[in-house]
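Residue numbers (mature numbering (1 follows the signal peptide of the UniProt record, and there is no 0)): -23 to -1, 1 to 245. Yeah, the Cβ is synthetic: ideal placement off N, Cα and C, and Gly gets one too. Note that this is a predicted model, so its numbers are computed, not measured.
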């Protein structure tokens, strides 16, 4: 592998797999006005900023917007991580979805490579990585809980219960894996304001650490029915995250399947 390509791959892998749910992951930031819809894909360490690492074509699926009746696929722009749809939206509640392209990553004595174990004897561990993201965009006077609470078919998915967008109500999520409730899943919830404050403080204390880990603002595990509830979650722009690891079904090819899902939303 060419040195530059290897460095970019390592940077991508570091952002993709780093441990802090609120600072190292994939997210969507949708906005709309009379001219259309813009989606920024966040990918890195500074929620809610959009990604900044060099990206390969096809690394992310184009964001898809749906109100349950109409589906719109946003188009790439000349800016990395930015997608757009021309034309004003009808007043409604929408879900926007995207994902990373599935990828095999293997650790060797010389570092991480984008490959599986096939034909290799020098691999210490292999991960098959997939990440999913979802965002709520509401242009209606009253948000639709039917839309925000609808499953979108992601392999690992955070599905909000009623009251998602109201700061006066509890925040409840159902987590599903392959369409079934996932018990014991660790869900974290962080506001954009909190993440930026914590990262700024951490970097002020350790300027040599560009990717400081921060404690979750809210954290809880799903119950036997795959549901977790948080209280006192106020107004703001929020990121919910869940991860799940399991043995890869073909052990000769890879060791671990690593999934992550996020949901971004505004509470008012």
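Please tell me whether residue i and residue j are closer than 8 Å, where the distance is taken between their beta carbons.
i	j	result
residue 80	residue 94	no
residue 204	residue 151	yes
residue 239	residue 216	yes
residue 135	residue 111	yes
residue 237	residue 133	yes
residue 56	residue 13	no
residue 158	residue 176	no
residue 241	residue 195	no
Give the C-beta separation of residue i and residue j to the nearest angstrom, bearing in mind that I take them to be a contact with Cβ-Cβ under 8 Å.
i	j	result
residue 243	residue 142	6 Å
residue 60	residue 51	4 Å
residue 104	residue 235	5 Å
residue 70	residue 125	6 Å
residue 75	residue 18	6 Å
residue 172	residue 24	5 Å
residue 247	residue 160	A query on residue 247 cannot be resolved here, the shown segment of the chain reaching from -23 to 245 and no further.
residue 128	residue 153	6 Å
With distance defined between alpha-carbon atoms, name the residue in the options nearest to residue i.
i	options	result
residue 39	49, 30, 45	49
residue 108	223, 174, 219, 245	219
residue 209	229, 167, 240	167
residue 213	221, 83, 145, 178	145
residue 253	24, 22, 5	This structure leaves residue 253 out entirely; the chain is present only between -23 and 245.
residue 32	41, 20, 43	20
residue 41	28, 113, 96	113
residue 248	46, 184, 120	Lying before the first or after the last residue shown, residue 248 is absent from the chain, which here runs from -23 to 245.
residue 211	140, 229, 47, 174	140
residue 47	30, 68, 36	68
residue 230	22, 97, 35, 36	97
Quick check: is any heavy atom of the ligand ADP less than 7 Å from the C-beta of residue i?
i	result
residue 20	For the ligand ADP, the structure offers nothing, since it holds no ligand at all.
Buried or exposed for residue i, please, with buried defined as at least 16 other CB atoms from any protein chain shown within 10 angstroms of its CB.
i	result
residue 77	buried
residue 192	exposed
residue 312	Outside the modelled stretch of the chain, which goes from -23 to 245, sits residue 312, for which no answer is possible.
residue 223	exposed
residue 54	exposed
residue 182	exposed
residue 202	exposed
residue 178	exposed
residue 83	buried
residue 85	exposed
residue -3	In this prediction, residue -3 has a pLDDT of 31, which is less than 50 and means its spatial position is unreliable; nothing more can be read from the coordinates.
residue 169	buried
residue 131	buried
residue -12	Interpretation of residue -12 is limited by its pLDDT of 48, a score under 50 that renders its predicted location unreliable; the figure taken from the coordinates is listed afterwards. Per the 10 Å Cβ criterion, buried.
residue 10	exposed
residue 2	buried
residue 232	buried
residue 156	exposed
residue 44	buried
residue 28	buried
residue 226	exposed
residue 187	exposed
residue 137	buried
residue -1	Note on residue -1: pLDDT 36, under 50, position unreliable in the model; no value is reported.
Original post:
Residue ranges of each alpha helix (DSSP H) run of no fewer than 4 residues wholly in the region 6 to 91, ordered along the chain?
Top reply: none
Subject >> Runs of beta strand (DSSP E) wholly within the region 127 to 204 (minimum 3 residues, chain order) >> reply: 133 to 137, 148 to 154, 163 to 168, 195 to 198
Subject >> Within the region 208 to 236, ranges of the beta strand (DSSP E) (whole runs, at least 3 residues) >> reply: 213 to 224
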